[in-house]
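Visitor: Mapping of the sequence shown onto numbering that gives the first Met the number 0: position 11 corresponds to residue 10, and the numbering continues sequentially without gaps.
We put the CB at the ideal spot given by N, CA and C, even for glycine.
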Amino acid sequence: MTSLLQVEDLHAYYGKSHILQGVGFAVGEREVLSLLGRNGSGRSTTLKALMGLVPPSRGSVRLAGQEMAGSPPSRICRAGLAYVPEEREVFANLTVDENLRMGEQAAAPGAPRWTVQQMFDYFPRLKERRHTRAGSLSGGEQQMLTICRSLLGNPRVILIDEPTEGLAPMIVAQVGERIRDMRTGRIVFQGTPAQLQSDPGLLAQWLAV
């Protein structure tokens, strides 16, 4: 499979703290990759470094063969990489419909093309509340809105930080279905969920609370 997003030897710091230490992975077309780990292990920092929100000190981030490391977030976004932050960061004083329109941009060559109607088909609750200010939405509704706003940028790859954090079980299931439709600062395991589940020692060491 040809890699759409290729990350190699990525390093990043917060001040003198070396947070990302040689992170590397690849994501192919229609592939879903999950970064797992305890709080503070560097998952959010990895996504922010890919988006240019945390400047990497060294390493490579190639999107469709184009080097992105060190580029400003605006260029990275226009190239086809989208980011859904854990904090959601909706435009609180704008309506749902206005938030969605803020995210629209032309599709990059080879990227899927999404429409507002498709977003409403995915999340009918947003259609019901399309004229409601985003600051009045529940946490789950804001998560739906942020995912949809990012998709309307017609990205080639979408990065979602903590997609189900703080959401009700029904909303978790709904967000999970939509993600399937889309397809400590170090990588300590790469493999399938089944391979991870079959290694109790690895689960205890890196994911147990």
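Among ALA63, GLY21, GLY64, GLU28, which residue has its Cα nearest to the Cα of THR44?
Guide: Taking the sequence shown and counting its residues from 1, one reaches residue 44 at position 45. Closest by alpha carbon: GLY21.
Visitor: Start and end of the beta strand (DSSP E) containing ASP8?
Guide: What you label residue 8 is simply residue 9 of the sequence shown in a count that begins at 1. First-last of the beta strand (DSSP E) with ASP8: 2-13.
Visitor: Would you mind giving the Cβ-Cβ distance between LEU62 and VAL156, rounded to the nearest angstrom? I have them listed as a contact below 8 Å.
Guide: Counting from one through the sequence shown, the residue named residue 62 turns up at place 63. Counting from one through the sequence shown, the residue named residue 156 turns up at place 157. Indeed, because the Cβ distance is near 7 Å, the residues count as touching under 8 Å.
Visitor: For GLY175 and VAL31, I'd like the C-alpha separation in whole angstroms.
Guide: Taking the sequence shown and counting its residues from 1, the one referred to as residue 175 is at position 176. Taking the sequence shown and counting its residues from 1, the one referred to as residue 31 is at position 32. Going by the C-alpha atoms only, they are around 11 Å apart.
Visitor: Drop a sphere of 10 angstroms on the beta-carbon of LEU158, count the other beta-carbons inside from all chains shown, and report buried for 16 or more, exposed for fewer.
Guide: Taking the sequence shown and counting its residues from 1, the one referred to as residue 158 is at position 159. The residue is buried, with at least 16 neighbouring Cβ atoms inside 10 Å.
Visitor: Taking the C-alpha atoms as reference points, what is the distance between GLN65 and ASN38?
Guide: On the sequence shown, position 66 is the one that residue 65 refers to. On the sequence shown, position 39 is the one that residue 38 refers to. Those two C-alpha atoms are separated by around 31 Å.
Visitor: Per the DSSP calculation, PHE24 is bridged to which residue(s)?
Guide: For the purposes of this step, residue 24 is identified with residue 25 of the sequence shown, where counting begins at 1. According to DSSP, PHE24 bridges with VAL6.
Visitor: Does the separation of the CB atoms of LEU19 and GLY36 fall below 8 Å?
Guide: Here residue 19 refers to the residue found at position 20 of the sequence shown. Here residue 36 refers to the residue found at position 37 of the sequence shown. Cβ atoms of LEU19 and GLY36: not closer than 8 Å.
Visitor: What residue does the beta strand (DSSP E) around ARG214 start on, and which one ends it?
Guide: Residue 214 lies beyond the residue range present for the chain, which begins at 0 and ends at 208; the question has no answer from this structure.
Visitor: Would you list the one or two residues that DSSP bridges to HIS17?
Guide: In the sequence shown, counting from the first residue as 1, residue 17 sits at position 18. In DSSP, HIS17 forms a bridge with TYR12.
Visitor: Leaving out five residues before and five after GLU28 in sequence, what residues of the same chain have Cβ atoms less than 6 Å from its Cβ?
Guide: Position 29 of the sequence shown, counting from 1, holds the residue named residue 28. The residues are LEU3.
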